[in-house]
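Everything on this sheet refers to the single structure shown next.
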Amino acid sequence: MTVFRYDKTFEGLLSALFDVYRLKRFPDALLGPGEPPPLFHDGVIEVGTTRERADRAWRGLERKLSPSALACLTYGWLSELPHVDLLLLRYMKKAIDAPSSIELDFGDPVVLEVSNIWKKVNSERHKAMQFLRFQKAADGTYFAAMRPLYNVLSLIVPHLRDRFADQRWLVYDVKREYGYYHDLSSVAEVRFEEKEKHLLSGFLGDDLMAKDEKLFQQLWKTYFNSTCIRERLNPRLHRQNMPARFWKYLPEKR
Amino acid sequence: MNEKVIEKLKILAESAKYDVSCASSGTTRGHRKGQIGSAEGWGICHSFAEDGRCIALLKIMLTNHCMYDCAYCINRRSNDIRRATFSVSELVELTIEFYRRNYIEGLFLSSGVVRNPDYTMERLVRAVKDLRTTHRFNGYIHLKSIPGASPELVREAGLYADRMSVNIEIPNERSLQLLAPEKDFESVFSPMRHIQQGMLQSAEERRKFRHAPRFVPAGQSTQMIVGASPDSDRDILRLSAAFYKRPSMKRVYYSGFVPVNAYDSRLPALRQPPLVRENRLYQADWLLRFYHFQVDEIVDDAYPDLDLEVDPKLAWALRHPECFPVDVNRAPYEMLLRVPGLGVKSAKMILAARRHSRLGSSHLKQIGVVMKKARYFITCRELETRTIQELRPENVRRILTRGKHRPADDGCLLIPFDFTDNPPLRP
Ligand code: SF4
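Residue numbers (this note's numbering), protein chains in the order written: chain C, 116 to 369; chain H, 889 to 1315.
Printed below as a string of structure tokens:
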């Protein structure tokens, strides 16, 4: 049994792909740092992550795959699903070895699974755009917290940046403890050493809120309730379209 | 902005909510410097009301005072309800503040008729103009045109709105006049024509000058109320099909009649809005728009109403056993689309996948085909199942309608699967 160990970064995974061809071996298992190897194996191969190897592997993929298939790989990675790395490695090797593009070969279980994971992650990305809610702080910054199922925050930044270009904002993933801050000209990834209350709870305290913030939340809630047609109540559809796991951060559902 | 606005918002949202068009799709407009917001290619629903319907836009009336007396409308003159009117500045501030918090994609504005159609239309135009020019609002705007408004005002409105709509409401002119004495088909068709002319003209100008102003880039839509008059689904769908022949008509919405004015004897006594029928109409509408169906294939003089028990595609298939089974490994796209349980996206995936290998039922299942339905209408690699040919249509119907019925959906914009939507990114 062949086992690779790598640093659990996407660049590391691309470096592992490089090693697959360098060593002419394909791993049966991928380990992260410190993970104990399985019982029967023929030595652990340590993958050295380097920019250069990752870039070369990526360029190789670019020759074989369309931009949307490459996006599938990224989305797959961001799913953070267990063993998705091995699946992606298989997909990448297949893509490179095949004489013609594999990306539409949905009869192949690896291709199909990558595509299904893409669908899940893409749907979460969409939900993040739908259900993100900004609260306005006294200093004029707009703050939004969320807990997406997959690590999709980076995927919604281009949209937020376009739409809220004239606002300063911070979007924050409470679960993964990082976010993106937009200062009117650029967006930067941010992490905080000291976690203030709102970074833990996801809500601005009264002391930090803009003067009108409460009123607009109340207006929104009023609108939400008034626009519903009582004769057509459909709680099942309501939950299906807006899963309960998002409610915590929606002013209209609090 | 103060607490009083809460009361107004409540009144004017309740007055506006029966207009069901919910989508905010059709315009893509990136951010421009000095403006607020952008418009996404297809609409984003930011919330869902407890009736399950999409909330994408702040759907609101400028005023719910109305001099007309349409029987099916909650705002009719003779109803004793609370009335309110927004000032333009209140409306603008609400829209922008909601938008900045990512509550909405934009505004859906309508109004009751006050004084006369032009006076009302002028106020609507003033509100959206203010939003666009003074406040530089770049989000989505849907404006409901007032029946009977002058062409000049419609032309002006179209410069600021992404989409305009004029609701036909009742699919038959006699029924319309019975229920809405102040309206006739012409009062609806003529603003529709003005919108279309504006669009065609602007398209023409933009061919010559790239910077010529855009005119309702997301086209127009309309709505029909279902079940307020005795008209059949054939009347409704024929009208829809005729509307869709116009290049500017993007969506027809169907609104199951909610008996808001139960006292009016011209209206049918309904205990429940006809939700299943409404859902079937949306399904038929999808067949018209995406599945290459002609309206006469869906409803005709022999079958003037949609089958409430099965969806219209299945109903068609059961009436046409001679077209089945379809060989998924060979059949052309148009035939795949006709298979019950097989949607546009799975048909496209089949076309792509069968180039690599012959497909069997497990492939089809994974691709997303609803095999429970489709199996009676197809053959694939393992030829075994008993199809509609062996079973006869009536038995297939019996098998497929056994057990519980699925509840009706809302017909709101579905997010289509699109592989090309996303640029490659490396994390
Ligand atoms: S004109 Fe419009 S608002 Fe007035 S009663 Fe008729 S449908 Fe209602």
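Cβ atoms here follow ideal geometry from the backbone N, Cα and C, with glycine treated the same way.
Asked	Found
Along chain H, in chain order, which residues have C-beta atoms closer than 8 Å to that of His-353 (chain C)?	Phe-936, Ala-937, Glu-938, Asp-939, Gly-940
At a CB distance below 7 Å, what residues from the region 987-1001 of chain H approach chain C? Give them in sequence order.	Arg-988, Arg-989, Asn-990, Tyr-991
Under 8 Å, CB to CB, which of the residues in the region 287-306 of chain C have a partner in chain H?	none
What runs of the alpha helix (DSSP H), each 4 residues or longer, lie entirely inside the region 1219-1269 of chain H?	1221-1224, 1232-1241, 1249-1255, 1259-1262
Which residue's Cα is closest to the Cα of Ile-1113 (chain H): H:Asp-1184, H:Asp-1123, H:Val-1104?	H:Asp-1123
Under the rule that 16 or more other beta-carbon atoms within 10 Å means buried, what is Gly-1115 (chain H), buried or exposed?	buried
So does Glu-1057 (chain H) have its beta carbon nearer than 8 Å to some heavy atom of ligand 1?	yes
For a cutoff of 9 Å on Cβ pairs, would you count Ser-1249 (chain H) as touching chain C?	no
Looking at Leu-1031 (chain H): is its Cβ nearer than 9 Å to the Cβ of Ser-998 (chain H)?	yes
Could you tell me the alpha carbon to alpha carbon distance between Glu-1270 (chain H) and Pro-1213 (chain H), rounded to whole angstroms?	14 Å
To which residues of the same chain is Pro-142 (chain C) closer than 8 Å at the C-beta, ignoring the five residues directly before and after it?	Thr-117, Val-118, Phe-119, Ala-131, Val-135, Ile-160, Leu-201, Leu-204
I want to verify the contact list: residues of chain H whose CB lies under 7 Å from the CB of Met-244 (chain C), in sequence order.	Ile-932
May I have the straight-line CA-CA distance separating Gly-1256 (chain H) from Gly-940 (chain H), to the nearest angstrom?	24 Å
Under 8 Å from any heavy atom of ligand 2, does the C-beta of Ala-1068 (chain H) make it?	What this structure holds is ligand 1, not ligand 2.
Quick one: using the 10 Å Cβ neighbour count with 16 as the cut-off for buried, is Glu-1282 (chain H) buried or exposed?	exposed
Buried or exposed, going by whether 16 or more other CB atoms sit within 10 Å of the CB of Gly-294 (chain C)?	buried
How many angstroms separate the CA atom of Ser-1078 (chain H) from the CA atom of Gly-1036 (chain H)?	8 Å
As a quick exercise: from C:Leu-227, C:Asp-327, C:His-274, C:Val-302, pick the residue whose alpha carbon is nearest that of His-1251 (chain H).	C:Leu-227
Can you tell me whether Tyr-1151 (chain H) sits near ligand 1, meaning its C-beta is under 8 Å from at least one heavy atom of the ligand?	no
Does the Cβ-Cβ distance between Cys-958 (chain H) and Glu-1057 (chain H) come in under 9 Å?	yes
For Asp-1152 (chain H), which residues from the same chain have a beta carbon less than 6 Å from its beta carbon, with the 5 sequence-adjacent residues on both sides left out?	Ala-959
Can you list, in chain order, the residues of its chain with a C-beta nearer than 8 Å to that of Val-1016 (chain H)? Leave out the 5 residues immediately preceding and following it.	Leu-995, Leu-997, Ile-1029, Leu-1031, Ala-1045, Tyr-1048, Ala-1049
Apply the 10 Å Cβ neighbour rule to Trp-362 (chain C) and answer buried if 16 or more other Cβ atoms are within range, or exposed otherwise.	exposed
Compare the C-beta of Glu-1270 (chain H) with all C-beta atoms of chain C and state if any pair is closer than 9 Å.	no
Where Ala-1172 (chain H) and Met-889 (chain H) are concerned, what is the direct C-alpha to C-alpha distance, given to the nearest angstrom?	45 Å
Tell me which residues of the region 321-337 of chain C have at least one Cβ-Cβ distance to chain H shorter than 8 Å, keeping chain order.	Asp-327, Leu-330, Phe-331, Gln-333, Leu-334, Trp-335, Thr-337
Run down chain H in chain order and give the residues with a C-beta less than 7 Å from the C-beta of Met-357 (chain C).	Ser-935, Phe-936
Residues of chain C with CB closer than 7 Å to the CB of Ser-926 (chain H), please, in chain order.	Asp-277, Arg-278
Select from C:Asp-281, C:Lys-123, C:Leu-299, C:Leu-365 the residue whose C-alpha is nearest the C-alpha of Thr-165 (chain C).	C:Lys-123
Among the residues of its own chain, which have a CB less than 7 Å from the CB of Asn-967 (chain H), if the five just before and after it don't count?	Asn-1149
Within 10 Å of its beta-carbon, does Arg-1294 (chain H) have 16 or more other beta-carbons around it, so buried, or fewer, so exposed?	Bear in mind that a pLDDT of 48 at Arg-1294 (chain H), under 50, signals an unreliable position, so the number given afterwards is only what the model happens to contain. Under this definition Arg-1294 (chain H) is an exposed residue.
Given the structure, does Gly-931 (chain H) come close to ligand 1, in the sense that its CB is under 8 Å from one of the ligand's heavy atoms?	no
Helix, strand or coil: which one does DSSP assign to Gly-191 (chain C)?	helix
Determine the DSSP secondary structure at Arg-1285 (chain H), reduced to helix, strand or coil.	helix
Determine, using beta carbons only, whether Glu-922 (chain H) comes closer than 9 Å to chain C.	A small fix is needed here, since residue 922 (chain H) is Gly in this sequence, not Glu. Interface residue, yes.
Is Cys-954 (chain H) close to ligand 1? I mean its beta-carbon at under 8 Å from any heavy atom of the ligand.	yes
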